[in-house]
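Reading through the structure tokens given below for one structure.
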Amino acid sequence: MLVPMKKAILYALKEDRDSILLALQRDGNVMLIPAAEEKGLPGAENVGNEVEKTHGAIKFMDMQVGKSSFLSSRTPVAYNKFLQNMPEAEGLAEQVATLEDKISSLRNEAITMLAQVEALEPWLRLDIPLEALGPTASSVYFAGYMPELAKDEFVNDIKDLTAETIILDEAPEGRAIVVFAYKSDGAEVKHFLKAHDFVDVVFPKRIGLAREIASDLADAARMKESLADNLEEEAKKVAGRRDELQLYYDQLIAKQDRMAAGGLETQKTFFVQGWVRADKTDEVVRAVKEVTPAYDLNFVEPEEGEIPPTVMENGKLSRPYEFVTELYSRPKIGSLDPNFMMAPFHFIFFGMMLSDAGYGLVLTILLYIVLKLFKPQDSTGKLLTVIFFGGISTIIWGILFGGWFGLEWHPLLFAPMKEPLKMLALCFGLGALHLTTGMCMKMYLDIKRGQLLSAIFDELSWLILFAGLFLMALLPGEIGKYMAILGAATIILTGGREKKGIIAKFFGGLLSLYNISGYVSDLLSYSRLFALGLATGVIAMVINTVAQMLWETGPIGVLAAVIVLIGGHFFNIIINVLGSFVHSSRLQYIEFFGKFYEAGGRAFIPLAIRTKYVDVTK
Amino acid sequence: MLTLGTTLAFAGAAIAAGLAGVGSAIGVSIAGQAGSGVISEDPDKFGNVLVLQALPGTQGIYGLLIAFIIVLNVGVIDGNVKELTTNQGLALLFAALPIAIGGLMSGIYQGKVAAAGIYLCAKRPEETGKGIILTAMVETYAVLALLISFIMVNGVKL
Numbered sequence: 066m067l068v069p070m071k072k073a074i075l076y077a078l079k080e081d082r083d084s085i086l087l088a089l090q091r092d093g094n095v096m097l098i099p100a101a102e103e104k105g106l107p108g109a110e111n112v113g114n115e116v117e118k119t120h121g122a123i124k125f126m127d128m129q130v131g132k133s134s135f136l137s138s139r140t141p142v143a144y145n146k147f148l149q150n151m152p153e154a155e156g157l158a159e160q161v162a163t164l165e166d167k168i169s170s171l172r173n174e175a176i177t178m179l180a181q182v183e184a185l186e187p188w189l190r191l192d193i194p195l196e197a198l199g200p201t202a203s204s205v206y207f208a209g210y211m212p213e214l215a216k217d218e219f220v221n222d223i224k225d226l227t228a229e230t231i232i233l234d235e236a237p238e239g240r241a242i243v244v245f246a247y248k249s250d251g252a253e254v255k256h257f258l259k260a261h262d263f264v265d266v267v268f269p270k271r272i273g274l275a276r277e278i279a280s281d282l283a284d285a286a287r288m289k290e291s292l293a294d295n296l297e298e299e300a301k302k303v304a305g306r307r308d309e310l311q312l313y314y315d316q317l318i319a320k321q322d323r324m325a326a327g328g329l330e331t332q333k334t335f336f337v338q339g340w341v342r343a344d345k346t347d348e349v350v351r352a353v354k355e356v357t358p359a360y361d362l363n364f365v366e367p368e369e370g371e372i373p374p375t376v377m378e379n380g381k382l383s384r385p386y387e388f389v390t391e392l393y394s395r396p397k398i399g400s401l402d403p404n405f406m407m408a409p410f411h412f413i414f415f416g417m418m419l420s421d422a423g424y425g426l427v428l429t430i431l432l433y434i435v436l437k438l439f440k441p442q443d444s445t446g447k448l449l450t451v452i453f454f455g456g457i458s459t460i461i462w463g464i465l466f467g468g469w470f471g472l473e474w475h476p477l478l479f480a481p482m483k484e485p486l487k488m489l490a491l492c493f494g495l496g497a498l499h500l501t502t503g504m505c506m507k508m509y510l511d512i513k514r515g516q517l518l519s520a521i522f523d524e525l526s527w528l529i530l531f532a533g534l535f536l537m538a539l540l541p542g543e544i545g546k547y548m549a550i551l552g553a554a555t556i557i558l559t560g561g562r563e564k565k566g567i568i569a570k571f572f573g574g575l576l577s578l579y580n581i582s583g584y585v586s587d588l589l590s591y592s593r594l595f596a597l598g599l600a601t602g603v604i605a606m607v608i609n610t611v612a613q614m615l616w617e618t619g620p621i622g623v624l625a626a627v628i629v630l631i632g633g634h635f636f637n638i639i640i641n642v643l644g645s646f647v648h649s650s651r652l653q654y655i656e657f658f659g660k661f662y663e664a665g666g667r668a669f670i671p672l673a674i675r676t677k678y679v680d681v682t683k
Numbered sequence: 003m004l005t006l007g008t009t010l011a012f013a014g015a016a017i018a019a020g021l022a023g024v025g026s027a028i029g030v031s032i033a034g035q036a037g038s039g040v041i042s043e044d045p046d047k048f049g050n051v052l053v054l055q056a057l058p059g060t061q062g063i064y065g066l067l068i069a070f071i072i073v074l075n076v077g078v079i080d081g082n083v084k085e086l087t088t089n090q091g092l093a094l095l096f097a098a099l100p101i102a103i104g105g106l107m108s109g110i111y112q113g114k115v116a117a118a119g120i121y122l123c124a125k126r127p128e129e130t131g132k133g134i135i136l137t138a139m140v141e142t143y144a145v146l147a148l149l150i151s152f153i154m155v156n157g158v159k160l
């Protein structure tokens, strides 16, 4: 069901603001509405920077010592301890950030140096110190690369000019050469070089022979590398204190949340608004009262034009399925929470598509362990619970259809592979039930809103038509036929009631009867229940057959068969759990929700302690 | 001695597994290329990207499934290959067509939607679920093709 929401309006003294926000955060029941153009409390920006830095530091530590595993359990921290300031952690974050900076700049410098060494490689044989390369009173020089292809030609041609050439080693850019010439010939030589695609070189600004410079640079680079290595060792040592940083990070996030909305203020007082569940107002009052007696707190109904966030509340069994609904979209406020009706169908369809009792057992046991051991929260927890329930449903359907790891064993109902038509009938039957439920939900919504005519003409008429068609097929006698005619007639006569003019009304009615094709295609969509079940079963059969063939080939074959059996069935479970979940959800979204669901609600995100690494205990 | 019918049945199994497999291979590769780009920016998204990349892979499985049932019915697995009449063989060949063609084309197109879903996941990781659902919409038609192929194969009495 959708929980009614109220708007809380709070006035209090500014000096109490921090403690009130803290109390509200601990209580976790108010979603503050930021005032227009509000940028948060003063200092929020600094906290944001600190969050960034700490996040970077944790990431850097993760890189040094490896990430903690995906589902690792979180350390519990008492609330009082959670509130304590952690100056050391702040220092640690600073220290790690500095270390990271230093290491990366050292490594960058080393890389630049090594690149210079590489660039000097072709010049190592040059016996002139680099600083001595330069124009004299009567000569000029050119140093650079000559493309390899043009080299021989060039050597021949340059003989005719009064110039001296030193040819050195090869580089990717070409052959390294130095050309000296009289100043008077300079322009001519330059022109000649240009004609041969000569490219000038830029030497590093250093003194000495190229080979000396190169070895100096290489030494320096090595030194920088080893410095960086030392610093990394140091970083590895402090990485043992990652826990502290993680706690600090969670504190910072909580602080950041608290500072996001401070409301409007006068010199002495402040004023905030927020959304609260109508049944939790007492708790909010209590939380504020504990801080100070000087407050004024009222709860009012949402005003015209204000859209409160959507909160769904469901029983223990259907709550996990909120994940499926949220994946689509939250229900619009004032509409209907679909979970209690959607959950059983999702449960049934999931199991039907997986439909192997063996797989169901594996899935159920595996997820039970995961859920008990790691206690995943929020959406991950909901998703895993949905699949856990799906596993149970799979066991039931597996027993009914007699599927056990791809082998058939005493089906209670029938084996779908052997009797595909019966299976299809079952799918369409469940589909019809699903669609009808959706239409009944729409009728309920219409009646609740006082639109009795819509309920009768748009939904009930169709239900009568379908019931009639159904009876025609099953029962002898005329009753079915008359019901079908009654339904169809109602649709034709009333389907166009919003159109103007009698003719438009009539054609509108005929057109709405045409919607029957939509219902037929909706119904056919349920054949996927059979097809996906088939896929699971036959792939399991393929795996078993291959394993059997291997088994018969001898001892190595037996080993291979075992590997194929375990790996194959595991793969089959994974791929088909994905398929079952996605297609079971799709049947809800397109076929079921399409009949009545009104999407577009927004999430209720109250000010609360949201932690990533630790669990705050009361 | 293999009869023409048996050979035709083999042809059916071959195109079912072959064409549907090609469709999946192309689809998965399209999605995979998009996925590598996203992972190079943010390696943490590997899990989500992998799920999306795996989606166009099912067509190949469906094709294999029909091929396997044909091969099983013809008796290749247990070693005594049956002698089918030409009509029986042709029927099996035609029965394989829906999943062969449907698998080929839907695999490719599903791969494109999966690639788009991977970009969606890069920009708004919290909405990956919707990308998965959109991708699965394409698969519907492979599922329908599989179903009709299965019913037809099942209808050929040997």
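As you go down the protein sequences, you meet chains D and F in turn.
If you're matching positions, the first sequence starts at 66 in the numbering used here and goes up one per residue.
If you're matching positions, the second sequence starts at 3 in the numbering used here and goes up one per residue.
The beta carbon of each residue, even a glycine, is placed where N, CA and C say it ideally should be.
* Closest residue to D/Thr459 among D/Ile430, D/Leu198, D/Leu510 and D/Leu157 (Cα-Cα distance) -> Nearest neighbour of D/Thr459 by Cα position, chosen from D/Ile430, D/Leu198, D/Leu510 and D/Leu157, turns out to be D/Ile430.
* Chain-order list of residues whose beta-carbon lies under 6 Å from that of D/Thr357 (same chain, five-residue window excluded) -> Cβ within range, chain order: Asp81.
* Counting pairs of Cβ atoms below 8 Å between the region 461-468 of chain D and the region 557-574 of chain D, do you hit three or more? -> With the cut-off at 8 Å, the region 461-468 of chain D and the region 557-574 of chain D do not touch.
* **Integer Cβ distance of D/Gly455 from D/Ser645, believed to fall under 8 Å** => About 7 Å separates the two Cβ atoms, so the contact holds.
* Asked: What residues are listed by DSSP as bridge partners for D/Thr140?
  -> Assignment of beta-bridge partners to D/Thr140 by DSSP yields D/Val679.
* To do: Compare the beta carbon distance of D/Asp315 and D/Val642 with 9 Å and say whether it is the shorter of the two.
  => No, the pair does not count as a contact, with Cβ atoms beyond the cut-off.
* To do: Taking the CB atoms as reference points, tell me whether D/Arg271 and D/Leu195 lie closer together than 9 Å.
  => Yes. Within cutoff.
* Where the alpha helix (DSSP H) through D/Met606 begins and ends -> Taken as a continuous stretch (DSSP letters only), the alpha helix (DSSP H) holding D/Met606 covers Arg593 to Trp616.
* Closest by CA to D/Met126, which one among D/Leu536, D/Pro107, D/Ala158 and D/Ile556? -> Residue D/Ala158 is the option with its Cα nearest to D/Met126.
* Asked: Whose Cβ in chain F lies nearer than 9 Å to the Cβ of D/Thr610?
  -> Within chain F, the residues placing a beta-carbon under 9 Å from that of D/Thr610 are Phe70, Leu74 and Ile79, ordered along the chain.
* To do: Note down the Cα distance separating D/Ile689 from D/Arg240, rounded to an integer number of angstroms.
  => Here chain D comprises residues numbered 66 to 683, so residue 689 of chain D is not present and cannot be evaluated.
* Look at D/Val243 and D/Ile193 and say whether their C-beta atoms are less than 9 Å apart. => Taking a C-beta distance under 9 Å as the contact criterion, D/Val243 and D/Ile193 qualify as a contact pair.
* To do: State yes or no: is the C-beta of D/Lys79 within less than 9 Å of the C-beta of D/Val365?
  => For D/Lys79 and D/Val365, no; Cβs fall outside 9 Å.
* Using a cut-off of 9 Å between C-beta atoms, extract the partners of D/His648 located in chain F. => Residues of chain F passing the Cβ test: Ala138, Glu141, Thr142 and Val145.
* To do: Can you give me the Cβ contacts of F/Gly23 inside the same chain, cut-off strictly under 6 Å, excluding the 5 residues immediately before and after it?
  => Setting aside the 5 residues that flank it on each side, F/Gly23 is surrounded in the same chain by Gly62 and Gly65, each with a C-beta closer than 6 Å to its C-beta; the list follows chain order.
* Straight-line CA distance for D/Ala236 to D/Pro212? -> Cα to Cα, D/Ala236 sits roughly 9 Å from D/Pro212.
* Label D/Asn637 either buried or exposed according to how many other C-beta atoms from any shown protein chain fall within 10 Å of its C-beta, with 16 as the threshold for buried. => Counting other Cβ atoms within 10 Å of its Cβ, D/Asn637 reaches 16 or more and is therefore classed as buried.
* contact_flag[the region 48-58 of chain F, the region 89-105 of chain F] where n(CB pairs < 8 Å) is 3 or more -> Cβ pair count under 8 Å is below three, so no.
* Taking any Cβ of chain D, which residues in the region 88-121 of chain F have a Cβ under 9 Å from it, in chain order? -> When CB distances to chain D are screened at a threshold of 9 Å, not a single residue of the region 88-121 of chain F falls below it.
* Roughly how many whole angstroms lie between the Cα atoms of F/Met3 and F/Glu85? -> Taking the straight line from one Cα to the other gives about 8 Å.
* In chain F, which residues lie less than 8 Å from D/Ser592 when you measure between Cβ atoms? -> Taking a Cβ-Cβ threshold of 8 Å, the residues of chain F close to D/Ser592 are Val145, Leu146 and Leu149, in chain order.
* **Minimum Cβ-Cβ distance from D/Gly644 to chain F less than 9 Å** => For D/Gly644, the nearest CB of chain F lies under 9 Å from its own CB, placing it at the interface with that chain.
* **Whole-angstrom C-beta distance between D/Ala596 and F/Leu106, which should lie under 8 Å** => Contact between F/Leu106 and D/Ala596 is absent: CB atoms are separated by about 17 Å, not below the 8 Å threshold.
* Mark F/Phe12 as exposed unless 16 or more other C-beta atoms lie within 10 angstroms of its C-beta, in which case mark it buried. => Burial call: buried.
* Asked: How about the region 488-504 of chain D and the region 617-628 of chain D: do they share at least three Cβ pairs that are nearer than 8 Å?
  -> For the pair of segments examined, the region 488-504 of chain D was found not to touch the region 617-628 of chain D: the number of CB pairs separated by less than 8 Å stays below three.
* **the region 657-667 of chain D contacting the region 432-450 of chain D, beta-carbon criterion three pairs below 8 Å** => Segments in contact, no.
* Buried versus exposed call for D/Trp474 [16 or more other C-beta atoms within 10 Å across all chains shown] -> So D/Trp474 ends up on the exposed side.
* I think F/Lys114 touches D/Leu392, with their Cβ atoms under 8 Å apart; what is that distance to the nearest whole Å? -> With a beta-carbon spacing of about 22 Å, F/Lys114 and D/Leu392 fall beyond the 8 Å limit used to define contacts.
* Please say whether D/Leu575 and D/Gly552 have beta carbons closer to each other than 9 Å? => Annotated as distal: D/Gly552 and D/Leu575, with beta-carbon spacing of 9 Å or more.
* What does D/Ala600 touch in chain F if you count any residue whose Cβ is under 8 Å from its own? -> Correct list: Thr60, Ile63, Tyr64, Leu67 and Leu148.
* Asked: If you draw a straight line from the alpha carbon of D/Asp281 to that of D/Glu174, how long is it in whole angstroms?
  -> Taking the straight line joining both Cα atoms gives about 14 Å.
* To do: Kindly say whether F/Ile162, judged by its beta-carbon, lies nearer than 9 Å to any beta-carbon of chain D.
  => The requested residue 162 of chain F is not part of the displayed model; chain F covers only 3 to 160.
* Identify the contact partners of D/Phe595 in chain F, using a Cβ-Cβ distance below 8 Å as the criterion. => Those are Leu149, listed as they occur along chain F.
* Using a Cβ cut-off of 7 Å, pull out every chain D residue sitting near F/Val53, in sequence order please. => Neighbours of F/Val53 on chain D, chain order: Leu643.
* Short Cβ contact (9 Å threshold) for F/Gly49 with F/Ala117 -> Cβ atoms of F/Gly49 and F/Ala117: not closer than 9 Å.
* Asked: How is the beta strand (DSSP E) around D/Leu362 delimited, first residue to last?
  -> That run of the beta strand (DSSP E) goes Tyr360 to Val365.
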